[in-house]
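In order, the protein sequence lines correspond to chains U and A.
Heads up: the first sequence runs through residues 16 to 664, numbered per my numbering.
Heads up: the second sequence runs through residues 139 to 260, numbered per my numbering.
Built from N, CA and C at the ideal position, the CB exists for glycine as well.
Structure record follows, encoded as structure tokens.
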Amino acid sequence: MTKSKTRAVDRRGFLKGAAVAAALSVKPPIVGLDAQSAEPRRMVPLPSPGQAASETSPPPPRVGVYTVDRPGSDFMIDVIKSLGFEYVAANPGSSFRGLHESIINYGGNKSPELLTCCHEESSVAMAHGYAKIEGKPMMVMAHGTVGLQHASMAIYNAFADRVPVYIILGNILDVAYRRSVVEWTHSVQDAVAMVRDYTKWDDTPASLSHFGESAVRAYKLAMTPAMGPVVIVADAVMQEEPIPQADRRTLHVPKLTLAAPPAGDAGAIGDAARILVAAENPVIVAGRCARTPNGLKLLVELAETLQAPVQDRPFRFRMNFPTRHPLYGGGSIADADVILGLEVPDFWNATHAQTPVNRVGMEVRPTTKAGAKQITISSTDLLSKSNYQDFGPYAEVDLSIAADAEASLPSLIEACKRLIDSDRRTAFAARGARHAEAAKRTRQQGLEQAAWGWDASPITTARLSAELWNQIKNEDWSLVSDVVFMSFWPTRLWDFDKPYQYIGGQGAYGIGYGAPAAVGAALANRKHGRLSVNIQCDGDLNYAPGVLWTAAHHRIPLLTIMHNNRAYHQERMYVQDMAARAERGIDRANIGTAITDPNIDYATMAKAYGMYSAGPIEHPADLAPAIRKAIEVVKRGEPALVDVLTQPR
Amino acid sequence: MTKLTVLALTSVAMLFLAAVAEPQPSAAGNAANGKRLFETDGCYQCHGYAAQGGRDGPRLAATAMNAQALIRYVRRPSGAMPAFTEKVLSEQDLTDIHAYLKAFPAAKAAKDIPLLDQLRDK
Numbered sequence: 016m017t018k019s020k021t022r023a024v025d026r027r028g029f030l031k032g033a034a035v036a037a038a039l040s041v042k043p044p045i046v047g048l049d050a051q052s053a054e055p056r057r058m059v060p061l062p063s064p065g066q067a068a069s070e071t072s073p074p075p076p077r078v079g080v081y082t083v084d085r086p087g088s089d090f091m092i093d094v095i096k097s098l099g100f101e102y103v104a105a106n107p108g109s110s111f112r113g114l115h116e117s118i119i120n121y122g123g124n125k126s127p128e129l130l131t132c133c134h135e136e137s138s139v140a141m142a143h144g145y146a147k148i149e150g151k152p153m154m155v156m157a158h159g160t161v162g163l164q165h166a167s168m169a170i171y172n173a174f175a176d177r178v179p180v181y182i183i184l185g186n187i188l189d190v191a192y193r194r195s196v197v198e199w200t201h202s203v204q205d206a207v208a209m210v211r212d213y214t215k216w217d218d219t220p221a222s223l224s225h226f227g228e229s230a231v232r233a234y235k236l237a238m239t240p241a242m243g244p245v246v247i248v249a250d251a252v253m254q255e256e257p258i259p260q261a262d263r264r265t266l267h268v269p270k271l272t273l274a275a276p277p278a279g280d281a282g283a284i285g286d287a288a289r290i291l292v293a294a295e296n297p298v299i300v301a302g303r304c305a306r307t308p309n310g311l312k313l314l315v316e317l318a319e320t321l322q323a324p325v326q327d328r329p330f331r332f333r334m335n336f337p338t339r340h341p342l343y344g345g346g347s348i349a350d351a352d353v354i355l356g357l358e359v360p361d362f363w364n365a366t367h368a369q370t371p372v373n374r375v376g377m378e379v380r381p382t383t384k385a386g387a388k389q390i391t392i393s394s395t396d397l398l399s400k401s402n403y404q405d406f407g408p409y410a411e412v413d414l415s416i417a418a419d420a421e422a423s424l425p426s427l428i429e430a431c432k433r434l435i436d437s438d439r440r441t442a443f444a445a446r447g448a449r450h451a452e453a454a455k456r457t458r459q460q461g462l463e464q465a466a467w468g469w470d471a472s473p474i475t476t477a478r479l480s481a482e483l484w485n486q487i488k489n490e491d492w493s494l495v496s497d498v499v500f501m502s503f504w505p506t507r508l509w510d511f512d513k514p515y516q517y518i519g520g521q522g523a524y525g526i527g528y529g530a531p532a533a534v535g536a537a538l539a540n541r542k543h544g545r546l547s548v549n550i551q552c553d554g555d556l557n558y559a560p561g562v563l564w565t566a567a568h569h570r571i572p573l574l575t576i577m578h579n580n581r582a583y584h585q586e587r588m589y590v591q592d593m594a595a596r597a598e599r600g601i602d603r604a605n606i607g608t609a610i611t612d613p614n615i616d617y618a619t620m621a622k623a624y625g626m627y628s629a630g631p632i633e634h635p636a637d638l639a640p641a642i643r644k645a646i647e648v649v650k651r652g653e654p655a656l657v658d659v660l661t662q663p664r
Numbered sequence: 139m140t141k142l143t144v145l146a147l148t149s150v151a152m153l154f155l156a157a158v159a160e161p162q163p164s165a166a167g168n169a170a171n172g173k174r175l176f177e178t179d180g181c182y183q184c185h186g187y188a189a190q191g192g193r194d195g196p197r198l199a200a201t202a203m204n205a206q207a208l209i210r211y212v213r214r215p216s217g218a219m220p221a222f223t224e225k226v227l228s229e230q231d232l233t234d235i236h237a238y239l240k241a242f243p244a245a246k247a248a249k250d251i252p253l254l255d256q257l258r259d260k
């Protein structure tokens with residue numbers, strides 16, 4: 016820590032002292048800057064009287080810049096360290112320069128270690144991906160204005176995905192401390208206003224004591240289901256000025272005690288168990304159910320207790336259930352007499368069909384059979400906001416339990432077990448056998464389907480998935496990307512059975528999340544020695560490709576395989592729908608959606624960022640050697656990228 | 139008029155239209171032109187360049203449908219596929235596309251592809 020060379024003063028005291036010094040014409044302090052000396056000289060024909068006087072008078076006294084012992088940001092670091100952050104992601108910004116300095120010097124750049132990011136959207140999305148592997152937040156720092164504007168979409172993704180991200184914003188609230196037009200334009204009255212609609216909690220502390228309390232409260236709230244991003248504004252003056260002497264004896268770091276997650280009401284859980292055990296054909300729909308590794312085990316136990324299939328369509332949000340389990344993916348909503356939704360963000364959509372986008376009008380119909388009972392256990396009801404519509408249509412269910420599903424599963428499982436008699440056990444066994452047989456058939460059909468276009472160029476997503484699986488199947492692997500744009504081939508072909516093997520998607524479908532989330536998740540996997548695999552969409556990477564440099568700079572082992580279909584393909588299909596509706600120009604949907612002419616050379620891009628790369632791979636036969644070589648690089652502790660020209664989906 | 143009556147009349151009208159609009163391809167399809175149309179008119183977007191199918195559309199390679207069935211479906215699709223009218227895809231265009239799809243050889247069985255064979259439940 017820097018030792019004090021002079022007494023610490025606050026700014027008001029300092030200015031007062033400077034004025035007195037000027038009046039008494041005392042000599043300047045040893046350490047100082049002459050602001051005027053930095054002014055450029057201007058050529059003028061004749062000096063004004065004032066100018067003449069200034070040029071002939073003795074120079075004004077130099078104003079002092081005092082070193083400080085214990086800037087306020089040091090105390091902030093004490094608080095931050097107490098919360099157990101491993102990393103802090105940031106694109107550097109002047110409004111949190113004090114905090115930055117304290118992290119690297121006072122904090123020794125350990126716990127948290129600073130991650131250099133090239134864009135604030137990358138910082139937050141990295142934290143998003145990290146939390147989905149590690150189960151706790153990464154800290155992010157950003158400017159309260161321009162940095163937060165960059166970060167905002169990623170924050171919305173994290174909010175909609177109910178993922179904890181811990182954000183500290185720099186800001187200069189007191190106008191007397193803003194030194195230039197830059198600091199004025201980088202200051203804001205209410206920094207968090209812009210993202211308050213999609214953050215769980217925020218505060219703008221007015222003192223260091225206030226900072227300590229709010230920083231710990233923010234962490235606790237971020238980690239209490241329903242989880243979400245939180246924001247604390249760390250005033251720059253509070254960061255940079257010394258800790259007030261009067262506060263040094265009283266400041267303390269509040270103790271963090273995480274809240275036990277809210278479990279379902281015992282009576283309601285009992286009702287749910289009775290309905291489920293009596294059901295002839297129940298289906299479980301899992302959304303963001305498995306919040307921790309235990310969540311996966313509990314869901315397997317519930318499914319096996321009831322011999323009920325588990326679906327996670329249409330968007331696989333979490334690693335809820337082993338993909339080769341005989342109860343995975345089966346059952347039919349249309350045939351079910353009971354549907355149990357566990358942390359499904361849009362349960363209505365799981366039970367209804369709507370007019371597709373390519374049809375005129377909007378009609379809806381339930382996809383359930385008449386009389387089917389619907390039960391939801393979800394913390395979504397505990398964290399809803401009004402403006403951004405991340406909650407879906409209102410679901411008319413029979414039993415709604417506002418609670419964390421994972422925390423409610425133990426009591427639900429026990430309640431079910433108590434109700435199952437030998438008759439039900441026999442019936443369940445028969446049901447389980449049916450589902451197991453159906454799962455086997457579905458799997459075989461998937462393999463036969465994967466064979467179509469096997470040798471095609473561009474390479475099919477099925478072939479890419481099969482080639483990749485063949486190289487990672489004996490490793491301790493983790494897929495740190497989504498499967499939706501891959502026609503779900505990884506989850507159809509690979510054997511997912513560990514909680515860290517899949518992290519789900521964006522949350523709010525904000526593109527640009529994929530690459531940074533993969534880097535963040537790979538960072539969390541690094542200390543476990545896992546092989547992180549990112550199947551990277553080309554459109555997504557181009558939002559903020561600088562995250563490749565972050566991965567290279569921080570030696571984050573990550574295998575990135577480009578799913579390079581050279582298009583914003585989802586949007587191309589929508590434009591095609593509109594063209595077909597309008598009966599014109601169905602050959603023009605590529606305009607505005609193609610990422611060609613010129614084609615982007617991702618291997619060269621990765622190389623420019625300091626990463627090993629290969630490709631573009633056009634032919635399936637070239638895939639295996641390219642992937643093998645890239646994995647060797649990743650096993651040495653570095654990122655690697657293989658560009659693969661792929662089919663659209 | 140009740141909603142039910144409207145529906146009934148609409149159904150009758152649709153049946154009549156379907157009867158008179160039964161596609162009659164003028165000639166056998168041109169597979170080369172079909173390939174061009176498949177790629178320029180966007181069929182590949184959902185069905186893949188190899189017509190292998192995917193998340194957004196089923197496999198069409200070596201389709202079991204005849205040309206008439208394909209035309210009927212394209213004009214009045216179900217599910218998420220948009221309807222393509224005569225104005226944007228003529229019957230001859232669709233006949234050519236059908237010829238292209240029919241020309242695909244059948245895929246190998248999964249058991250004959252080592253990477254897929256190892257994934258089979260044995």
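Inset, instruction - Counting only the same chain and skipping the five closest in sequence on each side, list residues whose C-beta sits under 8 Å from that of U/I416. - result: G279, D280, A283, I284, A287, I390, T391, I392, S393 and S423
Inset, instruction - Please name the residue or residues paired with U/Y102 in a DSSP beta bridge. - result: U/E128
Inset, instruction - Please decide whether A/G172 counts as near chain U, where near means a Cβ-Cβ distance under 9 Å. - result: no
Legend entry - Exposure of U/S437, with buried meaning 16 or more beta-carbon neighbours within 10 Å: exposed
Inset, instruction - Could you name each continuous alpha helix (DSSP H) segment of 4 residues or more that falls completely within the stretch 507 to 578 of chain U, going from the start of the chain to the end? - result: 529 to 541, 553 to 556 and 562 to 568
Inset, instruction - To the nearest angstrom, report how far apart U/R380 and U/H367 are at their CA atoms. - result: 6 Å
Legend entry - Anticipated Cβ contact below 8 Å, A/L253 with U/A641, distance rounded: 15 Å between Cβ atoms; not a contact.
Legend entry - 3-residue-minimum beta strand (DSSP E) runs that sit fully inside the stretch 416 to 488 of chain U, ordered along the chain: none
Inset, instruction - Have a look at U/E101 and U/G122 and give me their C-alpha separation to the nearest angstrom. - result: 12 Å
Inset, instruction - Taking all protein chains shown into account, decide if U/D49 is buried (16 or more other Cβ within 10 angstroms of its Cβ) or exposed. - result: Since pLDDT at U/D49 reaches only 36, below the 50 mark, its modelled position is unreliable, and the value read off the structure follows with that caveat. Exposed: under 16 other Cβ atoms inside 10 Å.
Inset, instruction - Compare the C-alpha of U/V268 against each of U/K400, U/E136, U/F90 and U/H201 and name the closest. - result: U/F90
Inset, instruction - Give the residues from the stretch 190 to 203 of chain A that approach chain U closer than 7 Å (Cβ to any Cβ), ordered along the chain. - result: Q190, G191, G192, R193, D194, R197 and A199
Legend entry - Alpha-carbon spacing of U/N489 relative to U/L656, whole angstroms: 20 Å
Legend entry - Pairwise C-alpha distance: U/E358 and U/P654: 34 Å
Legend entry - Beta-carbon neighbours of A/D179, restricted to chain U and to distances below 7 Å: I601 and D602
Legend entry - Distance CB(U/S88)-CB(U/Q254) smaller than 9 Å: yes
Inset, instruction - Check whether the Cβ of U/G468 lies closer than 9 Å to any Cβ atom in chain A. - result: yes
Legend entry - Segment limits, alpha helix (DSSP H) that includes A/L232: E229 to K240
Inset, instruction - Could you check the C-alpha separation between U/A636 and U/I474 for me, to the nearest Å? - result: 10 Å
Legend entry - Beta carbon proximity, U/F511 to chain A, threshold 9 Å: no
Legend entry - Segment contact flag, the stretch 155 to 173 of chain U with the stretch 226 to 240 of chain U, C-beta cutoff 8 Å, min 3 pairs: no
Inset, instruction - Count the other C-beta atoms from every protein chain shown that fall within 10 angstroms of the C-beta of U/I606, then say buried if there are 16 or more, exposed otherwise. - result: exposed
Legend entry - Boundaries of the beta strand (DSSP E) in which U/H158 is found, first to last residue: M154 to H158
Inset, instruction - Could I get the ranges of all uninterrupted beta strand (DSSP E) runs contained in the stretch 319 to 401 of chain U, with 3 residues as the minimum, in chain order? - result: 353 to 357, 367 to 369, 379 to 381 and 388 to 393
Legend entry - Of the residues U/V203, U/S117 and U/G344, the one placed nearest U/V315, counting alpha carbons only: U/G344
Legend entry - Meets three-Cβ-pair contact criterion under 8 Å: the stretch 168 to 176 of chain A and the stretch 234 to 245 of chain A: yes
Legend entry - Coil, strand or helix - U/Y627 by DSSP: strand
Inset, instruction - Report the partner residues of U/P654 according to the DSSP bridge assignment. - result: U/L573
Inset, instruction - Compute every distance between the C-beta of U/P308 and the non-hydrogen atoms of the ligand NAD, then say whether any falls below 8 Å. - result: Among the components of this structure there are no ligands whatsoever, and the ligand NAD is therefore not found.
Inset, instruction - Could you spell out the range, first to last residue, of the alpha helix (DSSP H) harbouring A/I209? - result: A205 to R213
Legend entry - Host alpha helix (DSSP H) of U/Y403 (start-end): Premise fails: U/Y403 is in no alpha helix (DSSP H) and is neither H nor E.
Inset, instruction - Identify whether U/P635 lies in helix, strand or coil by the three-state DSSP scheme. - result: helix
Legend entry - 8 Å Cβ cut-off: residues of chain A touching U/D592: P220
Inset, instruction - Within the same chain, show all residues whose beta-carbon is closer than 6 Å to that of U/R333, passing over the 5 residues directly before and after it, in chain order. - result: R303, A305 and G519
Inset, instruction - Consider the Cβ of U/W484: report whether some Cβ of chain A lies at a distance smaller than 9 Å. - result: yes
Legend entry - Identified DSSP bridge partners for U/T661: U/I474
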